[in-house]
Every structure is written in structure tokens, then in C-alpha cells.
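Top line first, the protein sequences correspond to chains A and B. With my numbering applied, the first sequence has no gaps in its numbers, which climb one by one up to 253 at the end. With my numbering applied, the second sequence has no gaps in its numbers, which climb one by one up to 200 at the end. For reference, the structure discussed in these notes is given below.
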Amino acid sequence: MSDTDQMTDGTELRELRDSLSAVAMPERPRLEAITARGRARRRHRLAGAAGVSVAAIAAGTALALGTTGAAGPAPVHSTSRTMATGTIRSLATGTIRNAAFKIVKNAKDKATLTINPQEVLDPATLQSDLAQSGIPAKVTSGSFCSSDPAPAGFSQVVSMPPRAAPAAPQSGVQPTITFNPAAMPAGTELSIGYFQLSSGGQQASFALIDTTSYSCTSTPPGPAGPPDGSQLLYGGPGPSRS
Amino acid sequence: MSNDETAFAEFFQESWDPCLRAVAASTGDMLLAEEQVAEAFARAWVSWRKVSRHPAPRAWVVRTALNAGASWWRRRARELPLADHDVAAPGSPGTGLDSVVLSALRRLPARQREVIVLRVFLDLDIETTAKQLAIAPGTVRAHLSRAVTALRTELAQANTTEADPCPTPTR
Chain A
12 MSDTDQMTDG TELRELRDSL SAVAMPERPR LEAITARGRA RRRHRLAGAA
62 GVSVAAIAAG TALALGTTGA AGPAPVHSTS RTMATGTIRS LATGTIRNAA
112 FKIVKNAKDK ATLTINPQEV LDPATLQSDL AQSGIPAKVT SGSFCSSDPA
162 PAGFSQVVSM PPRAAPAAPQ SGVQPTITFN PAAMPAGTEL SIGYFQLSSG
212 GQQASFALID TTSYSCTSTP PGPAGPPDGS QLLYGGPGPS RS
Chain B
30 MSNDETAFAE FFQESWDPCL RAVAASTGDM LLAEEQVAEA FARAWVSWRK
80 VSRHPAPRAW VVRTALNAGA SWWRRRAREL PLADHDVAAP GSPGTGLDSV
130 VLSALRRLPA RQREVIVLRV FLDLDIETTA KQLAIAPGTV RAHLSRAVTA
180 LRTELAQANT TEADPCPTPT R
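In C-alpha cells, the structure reads:
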């Protein structure tokens with residue numbers, strides 16, 4: 012063992028090591044949250060590569076067909092990337108947009124979700140895109156998960172304008188919800204339950220859940236919404252769409 | 030669950046706390062460290078085949094976490110006032126770390142702090158630490174020696190102040 016190696020066993024460094032090993036560590040996140048984040052990251056990377064490939068193929072095709080120049084279509088300048096799924100991600104603004112929803116992440120790391128009532132939400136896509144925006148969420152369709160008792164702090168995590176939470180579905184309104192993931196207590200995630208109502212409207216219920224203890228039910232929360240949570244009722248894509 | 034997924038799950042379970050401690054010691058902020066380490070583990074999951082063959086996967090995570098926070102550190106360094114003001118409030122919420130140790134660590138130059146993190150908190154040997162930082166083993170020893178000297182001085186001063194916070198002036 013070298014002098015330096017012996018030195019690392021010295022009092023100062025032992026104290027240093029001990030001072031941190033004695034610290035109570037925050038709860039480890041769920042493995043699923045990490046892998047969801049990794050998947051979102053990989054998908055984002057692939058989307059970028061696919062965008063470049065599509066652009067290159069398009070350019071090559073245009074050159075081969077001789078359609079560039081004055082006779083060709085006007086060039087399109089965009090800072091966004093389009094995925095095969097129809098999702099557009101603007102790297103500059105932190106916006107994720109597709110037909111069913113838009114997520115805008117602002118500078119304070121809050122994120123705003125705007126739902127298009129004319130489209131059906133894909134829960135897996137929403138969950139993945141929320142994870143990419145730093146919001147751990149469990150998004151379910153046709154069921155809703157909750158903890159009893161619900162973790163405290165929901166009102167600090169989720170906010171929505173009063174008009175966004177009407178007692179009955181409203182057509183033509185694009186509900187907007189703001190999330191503050193920094194306010195989420197450790198060991199919790201957001202539960203979002205999405206239901207297509209027989210009336211043609213849609214319902215999205217929100218609550219905080221304890222990641223180690225929750226249960227899911229296919230019965231949608233009543234019009235008042237889940238206890239310690241909130242709820243959106245909005246129109247389409249049922250009869251109002253046709 | 031595939032073998033790769035099982036292996037990653039085990040690695041994640043065993044390595045989260047040591048990696049978080051190492052990054053928290055380097056950044057001085059537990060909340061920030063949590064975010065950086067989560068990001069690093071997400072990247073490790075994406076590149077698990079490569080990371081699993083890495084000679085020190087925990088070091089890979091810590092380096093990735095610190096790189097992810099490098100821009101934050103640069104901003105922070107510009108915002109920090111003089112060294113005398115660079116003392117975390119005792120028991121300040123959010124960090125959960127010993128403020129004396131923390132402020133002593135944060136006064137170290139970045140490279141010395143990295144050496145301490147890898148050598149002490151991840152318990153890597155000199156050779157592996159050198160490889161991780163892409164520097165010579167002798168340079169690691171030099172940084173470690175200087176860091177130990179600086180920490181010894183800092184902690185001794187802190188102990189003296191703690192023992193006699195208001196010394197009586199001598200005439």
C-alpha cells in the first residue's frame with residue numbers, strides 16, 4: 012500500500028466517509044421510473060436520428076428527381092422534429108406536442124399540459140412524455156389508481172384554472188393543467204386516470220399516490236373527483252367530433 | 030425479466046445510495062444530486078450493455094451525473110460569493126449533509142473534489158480513479174494529498190471554532 016493509500020485511511024477521510032454514510036438517504040426511486048426515463052431518452056434520440064434520416068432521404072429524393080430549385084417546393088425551416096407518431100418536440104422551448112396533448116416545460120421546471128378534447132389520449136405516450144418532462148406519473152386508461160391515505164401536498168403539485176374543472180363535460184375547451192414536480196414528496200408519483208364517458212365526454216382524474224402502496228379501480232371517480240385530488244371533464248371525441 | 034434487466038435492477042438497487050452520496054458530496058445539494066443521479070441511471074439503463082462491461086460502473090454513473098450537472102455547477106460557481114460566505118447553514122433543509130464537511134469539500138478545487146469522491150466515497154483504487162479521470166496515477170496521488178491537507182486544515186479550524194466559538198480576546 013502506498014503512502015497515499017494509507018493517507019486515505021486517515022482520520023480526516025474516515026470522518027468524511029462516515030459523515031456521509033451516516034446520513035439518512037432519501038428513498039430510492041422506483042426502478043420503473045428510471046427505465047421510463049431511459050426509454051423516453053432513447054426514443055428522443057432515435058427520433059432525432061430518424062428525423063435526420065428522413066430529411067436526408069427527402070433531400071436525396073428531391074435531388075434525384077430534380078425538383079429542387081425554382082420549380083421545387085419552398086424550403087421549410089423548422090427547429091422542430093417530427094416523429095413517426097406525429098409527435099413534435101421543440102428542443103428550444105421544451106415543448107412536446109402531438110394531436111392529443113401538448114406539454115410545455117418552463118424555465119422553472121414546471122410543466123403545463125394542454126389536452127385536445129377532440130382526440131383520445133394514449134396513456135403510454137402521455138406517461139412517457141411526462142417522464143421526459145421530469146414528472147413521474149402513472150397514466151391509466153379506463154382505471155384510476157389511488158392511495159389510502161393519499162400523500163399530502165397535491166395542491167402544491169397540480170394546479171388548474173377553476174374553469175378547467177367544470178362539473179359537466181364542456182365542448183371546445185382545451186383543459187390546461189400545470190404540474191410542479193419539485194413539490195412532489197419523495198416516494199410519490201402522479202396518478203392520472205383517463206376515462207371515455209358514455210356521454211361522449213372525457214374525464215381525467217388526478218391524485219398523488221404512494222409508489223409503494225396504491226390500488227386501482229375501473230370505476231371512475233364521481234363528479235366531485237377523487238378525494239385529495241382533482242378532475243377534468245371535457246367534451247369530445249364523441250358525438251361533438253362528427 | 031431478461032438477464033440484462035435483472036442485472037441492471039440489481040446494480041440500481043445496490044448502487045443508488047453510494048452513487049447518490051458521492052454526487053451529493055460533490056454538489057453539496059441532495060435534491061440536485063438526486064436529479065442528476067436519476068438521470069445518470071436512466072442513461073446507464075439505455076447503455077447498459079456498455080456500462081455493465083465498464084470496469085467501474087458506479088464511477089460511470091457518478092461521472093455521468095456530475096457531467097449532467099456541470100452546467101449547473103458553472104452557473105453556481107459564478108453565483109457563489111467569497112469563500113467566507115460559502116458555508117452552508119447548519120441543518121439547512123434540502124441538503125441533509127454535514128455542513129462542516131460539506132463546506133470543506135466545496136472549497137476544494139473541482140479536480141481534487143472528484144478524486145475524493147471516486148477514491149473515498151466509491152472506494153476506487155488509485156489506478157481506476159486515474160482511468161476514470163483520464164489522468165496519471167501520480168496526478169491522482171498529488172490531488173489526493175493536497176485535498177487531504179486542505180481538508181485537515183479546514184476541519185481542524187472548524188473543530189476549534191466549534192470548541193470555542195467566542196474566544197476571549199487576550200491582552
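Here a beta-carbon is modelled for each residue, glycine too, at the ideal position from N, C-alpha and C.
Residue i - partner residues in DSSP beta bridges
i        : result
Phe165/A : Phe165/A is not bridged to any residue.
Gly240/A : Ala218/A
Arg11/A  : Because chain A here runs from 12 to 253, residue 11/A falls outside it and cannot be looked at.
Arg136/B : Answer is none; Arg136/B lacks a bridge partner.
Phe206/A : Gln214/A
Lys149/A : Ser202/A
Thr56/B  : None, per the DSSP bridge assignment.
Thr156/A : The displayed chain sequence assigns Cys, not Thr, to residue 156/A. Looking at the DSSP assignment, Cys156/A forms a beta bridge with Cys227/A.
Thr123/A : Val115/A, Thr189/A
Ser44/B  : In DSSP, Ser44/B forms no bridge with anything.
Ser170/A : Thr189/A
Partner residues on chain A for residue i, Cβ-Cβ distance less than 8 Å
i       : result
Arg72/B : Gly49, Arg52
Glu39/B : Going along chain A, no residue has its Cβ under 8 Å from Glu39/B, so there is no contact; the nearest lies around 10 Å.
Closer than 7 Å at the beta carbon, the chain B residues around residue i
i        : result
Thr222/A : None at all; the shortest Cβ gap to chain B is about 14 Å.
Pro40/A  : Ala67
Thr46/A  : Trp74
Beta-carbon neighbours of residue i, restricted to chain B and to distances below 8 Å
i        : result
Ile203/A : Neighbours of Ile203/A on chain B: none; closest Cβ ~20 Å, over 8 Å.
Met195/A : Ordered by position in chain B, no residue passes the 8 Å Cβ test against Met195/A, which lies about 12 Å from the chain.
Proximal residues of chain A, C-beta to C-beta of residue i below 7 Å
i       : result
Val75/B : Gly49, Arg52, Arg53
Trp45/B : Arg39
Val52/B : None at all; the shortest Cβ gap to chain A is about 11 Å.
Val90/B : Within chain A, no residue comes near Val90/B; the closest Cβ sits about 11 Å away, beyond 7 Å.
Glu63/B : Pro37
CA nearest to the CA of residue i, picked from the options
i        : options                                : result
Ala53/B  : Arg82/B, Ile164/B, Ser31/B, Arg92/B    : Arg92/B
Leu61/B  : Val129/B, Ala94/B, Phe41/B             : Ala94/B
Ala97/B  : Gly167/B, Phe40/B, Ala36/B, Glu63/B    : Glu63/B
Gln161/B : Arg181/B, Val75/B, His83/B, Asp46/B    : His83/B
Ser31/B  : Leu180/B, Ala176/B, Ala163/B, Trp77/B  : Trp77/B
Arg52/A  : Leu201/A, Ser210/A, Gly145/A, Ala193/A : Gly145/A
Ala161/A : Ser226/A, Arg108/A, Thr230/A           : Ser226/A
Leu208/A : Ala193/A, Pro234/A, Ser202/A           : Pro234/A
Leu137/B : Ala38/B, His172/B, Arg50/B             : His172/B
Gln129/A : Ala47/A, Phe112/A, Lys116/A, Asn117/A  : Phe112/A
Arg50/A  : Val115/A, Ala142/A, Met171/A           : Ala142/A
Arg135/B : Pro232/A, Leu27/A, Tyr245/A            : Leu27/A
Leu184/B : Val129/B, Ala176/B, Ala36/B, Cys48/B   : Val129/B
Glu39/B  : Arg54/A, Asp29/A, Ser157/A, Arg41/A    : Arg41/A
Thr178/B : Arg142/B, Ile164/B, Phe37/B            : Arg142/B
Val115/A : Thr187/A, Ala218/A, Ser216/A           : Thr187/A
Asp10/A  : Phe206/A, Ser157/A, Asn109/A           : Beyond the ends of chain A as shown, which are 12 and 253, falls residue 10/A; an answer cannot be given.
Ser158/A : Arg25/A, Leu124/A, Thr228/A            : Thr228/A
Thr189/A : Asn117/A, Phe206/A, Ala47/A            : Asn117/A
Asp33/B  : Glu38/A, Thr46/A, Met36/A              : Thr46/A
Ala122/A : Ser154/A, Arg54/A, Ala193/A            : Ala193/A
Contact set between residue i and chain A, taken where Cβ atoms lie within less than 9 Å
i        : result
Leu49/B  : Met36, Pro37, Arg39
Val146/B : Ordered by position in chain A, no residue passes the 9 Å Cβ test against Val146/B, which lies about 10 Å from the chain.
- Task: Say whether the segment 54–69 of chain B touches the segment 238–247 of chain A, bearing in mind that this needs 3 or more beta-carbon pairs closer than 8 Å, one atom from each stretch.
- Result: no
- Message: Whether or not the segment 62–72 of chain B and the segment 146–160 of chain B are in contact is what I'm after, with contact meaning three or more pairs of Cβ atoms, one per stretch, closer than 8 Å; do they touch?
- Response: no
- Message: Does the contact criterion of 3 or more C-beta pairs under 8 Å hold for the segment 136–154 of chain B versus the segment 78–92 of chain B?
- Response: yes
- Message: Can you confirm whether the segment 119–138 of chain A touches the segment 159–166 of chain A when touching is taken to mean that 3 or more C-beta pairs between the two stretches lie within less than 8 Å?
- Response: no
- Meets three-Cβ-pair contact criterion under 8 Å: the segment 143–150 of chain A and the segment 36–48 of chain B: no
- Message: For the pair the segment 190–205 of chain A and the segment 216–223 of chain A, tell me if three or more CB-CB distances fall below 8 Å.
- Response: yes
- Task: Can you check the segment 143–179 of chain B for any alpha helix (DSSP H) of at least 4 residues that lies completely inside it and give the ranges in chain order?
- Result: 155–162
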